[in-house]
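Encoded as structure tokens, the structure appears first; notes follow it.
Numbering (the numbering used here), first residue to last: 740 to 1196.
Pasting the structure below:
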């Protein structure tokens, strides 16, 4: 009797899986056969929570992923660095303190903390760092600095933007680069009415603007163009007239921005700075010797939120800066080389070691903003399945957003690219792991892909 029941149960499970596969096949082929999809490419793979295959449509085909690329970076970072990993920013000084005067330079250095001055975390906002820094300076007895304020941004290499990122993206908030010192997530906001700048979220240091905006339309169709170390920014496109719209851009020189703000903090606090506020990058550009922050005479050690909290926002709000910082950190920690190329190579090696065919994971960055990322849906499912078995999975899973169709999954959106990857428990209790990617679809793709995934509900 028990044997008969087991066979019957297995038969029902097989029939159910076949039924789901048939439904998925119909809606998938309907989409690909519909008008406007002649040149489209789709990669789709579904398994159950144990990795048992359910459905595939060109699942081995590598396509541009957009932000579902982040599932690989987040998993590798959590396992390699640990969910309790923190970044560290320090302040130290050279010379000596005598009679309240620092006869030397004041330094601020970091190992690339992407959350320094971020607004996303309680107790880690810009004013919190300001308060702790000024308190530390006063506690050390410093009332006057005879030398310079040095922002030591030398921890990473000079390349702040991954190769392959589109120029149209670089000046917008989601195209912010990675520096040895990051500040306010390397992002600023402008309040604009029509074509007129009304206010900035904070004074932007040393940037001059070219404004080619047109007042037209009903939505934000503007683009900001900035480049690392540049003091010229361009904004063009269209913004609706008659109302104020907030547009967000990427800071062209975050370490210099921090330098200018700290200089102001010192003045406000009655601490005299006789010298200038300068970054090590500036010194190099001017042909001068960089000044590394002393390892002794440390007056402040400021820790970032733990990595699990960083990964939460990385996945939940798709913060590209976090992904590229993690890539540089992995390169530095595991290969002794903080370049994007080194970090991306480690990322690929990591997932290859977990059993993913390297031909299905051609990474170009850590966030998915580069259209040169080519990843297969099956590889994304394999990464999700691997993560599910790890001790850090709860931190990973928590970051996945709930999308419009009620399913918990990471999304990716880029020009002519839409993707979803995640986990779903159906009404009948069955648990699915899936990835679906479409390229060159003539439309948003979001509603169409969610319609396919709704079969799993």
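Idealized CB from N, CA, C, for every residue including glycine. Predicted, not measured: the structure shown is a model, and the values here were computed from it.
Residue i in three-state terms, based on DSSP
i	result
residue 883	strand
residue 1016	strand
residue 913	helix
residue 951	strand
residue 972	strand
residue 1187	helix
residue 1194	helix
residue 962	strand
residue 1172	strand
residue 764	helix
residue 1083	helix
residue 926	strand
residue 1101	strand
residue 931	strand
residue 892	coil
residue 1180	coil
residue 1069	helix
residue 1060	helix
residue 943	coil
residue 1092	helix
Expected contact under 8 Å - CB spacing of residue i and residue j to nearest Å
i	j	result
residue 1195	residue 1171	5 Å
residue 1151	residue 807	4 Å
residue 1083	residue 1102	5 Å
residue 988	residue 929	7 Å
Spatial neighbours of residue i in its chain, beta-carbon cut-off 8 Å, leaving aside the 5 residues before and after
i	result
residue 958	979
residue 906	964
residue 1037	829, 830, 831
residue 839	880, 881, 882, 883
residue 1010	873, 876, 877, 881, 882, 883, 884
residue 1048	860
residue 743	Its pLDDT being 49, under 50, residue 743 is placed unreliably in this model, and the coordinates cannot settle the point.
residue 956	977, 978, 979
residue 1139	1054, 1055, 1147, 1148, 1149, 1161, 1162
From the options, residue whose alpha carbon lies closest to that of residue i
i	options	result
residue 890	1076, 1071, 1033	1033
residue 1063	773, 921, 864, 757	921
residue 1198	860, 817, 804	The chain is shown only over 740 to 1196; residue 1198 falls outside these bounds and no answer can be derived.
residue 1197	1090, 1173, 1113	Residue numbering for the chain in the displayed model covers 740 to 1196; residue 1197 lies beyond these limits and cannot be assessed.
residue 974	981, 953, 982, 983	953
residue 923	867, 1190, 1082, 1153	867
residue 1175	1045, 783, 990, 1018	783
residue 1035	845, 1097, 1024, 821	845
residue 704	1093, 771, 871	An answer regarding residue 704 cannot be provided, because it is not within the stretch 740 to 1196 covered by the chain.
residue 878	841, 1013, 1141	841
residue 778	1191, 1181, 815, 943	1181
residue 1053	1186, 992, 857, 955	857
residue 945	971, 790, 1127	971
residue 938	951, 986, 896	986
residue 1178	1145, 1163, 1114	1114
residue 909	1003, 1112, 796, 969	969
residue 797	848, 1132, 767, 1015	767
residue 1108	888, 863, 913, 817	913
residue 1128	788, 800, 847, 1025	788
residue 1074	813, 819, 794	819
residue 932	781, 904, 1097, 983	983
residue 1132	821, 761, 1111, 1167	821
Residues of its chain near residue i, where Cβ-Cβ distance is below 7 Å and the 5 sequence neighbours each way are ignored
i	result
residue 1137	1051
residue 810	1119, 1122, 1123, 1149, 1160
residue 1029	893, 1019, 1022, 1023
residue 837	none
residue 1193	1144
Same chain only: Cβ atoms within 6 Å of residue i, ignoring 5 sequence neighbours per side
i	result
residue 916	899, 900, 967
residue 976	960, 961, 962
residue 826	850, 852, 1043
residue 1095	1118, 1121
residue 824	1046
residue 943	927
residue 1057	806
residue 1077	895, 896, 1067, 1070, 1071
residue 791	none
residue 692	Any property of residue 692 remains undetermined from this structure, which presents the chain solely from 740 to 1196.
residue 815	1086, 1089
residue 996	922, 944, 990
Closer than 7 Å: residue i CB and nearest the ligand PLP heavy atom
i	result
residue 1188	This structure does not include the ligand PLP; it has no bound ligands of any sort.
8 Å Cβ cutoff, residue i in contact with chain D
i	result
residue 1088	Looking for chain D here will not work: only one protein chain is present.
Which full runs of the beta strand (DSSP E) of 3+ residues lie inside the stretch 1106-1167, going along the chain?
1113-1115, 1147-1153, 1156-1164
Can you give, in chain order, each stretch of the alpha helix (DSSP H) that sits fully within the stretch 981-1054 and has at least 4 residues?
993-1007, 1019-1024
Unbroken alpha helix (DSSP H) runs of length 4 or more, entirely within the stretch 794-874: which are they?
809-820
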